[in-house]
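No gaps in the numbering here: position 188 of the sequence shown is 188 in the working numbering, and each next residue is one more.
Every residue gets a Cβ at the ideal spot worked out from N, C-alpha and C, and that includes glycine.
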Amino acid sequence: MTILGTATAQAVHIQLPWSELFLRTVVQELDRFWGYMFTEADKAEAFHSPNVQWYTLEDEKWGVYEQSDPTIINTECGRTSVAPAVYCPADHSIHLDIDGIDRLIAATAAASNMDGDAVAVFIIAHEYAHAVQTMARISLQNPRKELQADCFAGLYIHHSQILQGGEDDLDEIAVGVLKAGDYIHDHANHHGSGMRRLHATMTGLQGNVQGCINAEF
Ligand SMILES: [Zn+2]
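The following block contains the structure:
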């Protein structure tokens, strides 16, 4: 099933780093994908594209970084770390640190034969999934909330025309998700162990939204 048409990058800001152009195209596709999913679920009126705030360390006009920790920004949700992306429900915004994502892409590329693009897409798709949870009024405790966000990210990637979900991309996501797992099970912000996060992502990658909604993770 092809939900999304062929995506084309629109070079409206040619001075931007390639990753921001690429990521903007991903956000546009996420808007189309989730808009379609809400319409299919007869909940079109609940869907509102989240705002995306782009941050870069070199762009001083933002003036939002704290000197002591450059990953901390002030949002409607209070002081929060972007490192490299975070969703704030209070202003329905995804805050993205372009430099942080650039570094992550470079680190992934350096540590493997992979190019890092799939990891960047996964991070944005995961934060977008939190916006979806808010719009759909899904209320879960961690780590189930985080695992469902991984599942929704996998679901989008299954349907993405940008990534195409080649074996390289899926390997890259698997490596990234395993690495991102945490093992502090009694922490309120526990996102799930690497294996649980991978399992949740794989559930989404099967392409069925109900798999993410019904799963116990
Ligand atoms: Zn999350």
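Asked                                                                                                           : Found
Own chain partners of Ala200 with C-beta closer than 6 Å, once the 5 adjacent residues on each side are dropped : Leu147, Asp150, Cys151 and Phe217
Under the three-state DSSP convention, the category Arg79 falls into                                            : strand
C-alpha distance - Leu104 paired with Ala120, whole-angstrom precision                                          : 8 Å
Coil, strand or helix - Ser93 by DSSP                                                                           : strand
Helix, strand or coil at Asn51 according to DSSP, with G and I counted as helix                                 : strand
Buried/exposed call for Ile213, threshold 16 Cβ in 10 Å                                                         : exposed
Heavy atom of ligand 1 within 6 Å of Glu146 beta-carbon                                                         : yes
Inter-stretch contact at 8 Å, needing at least 3 Cβ pairs: the region 159-169 / the region 25-35                : yes
CB contact flag (Pro50, His95, <7 Å)                                                                            : no
Bridge-paired residues (DSSP) for Cys88                                                                         : Ser93
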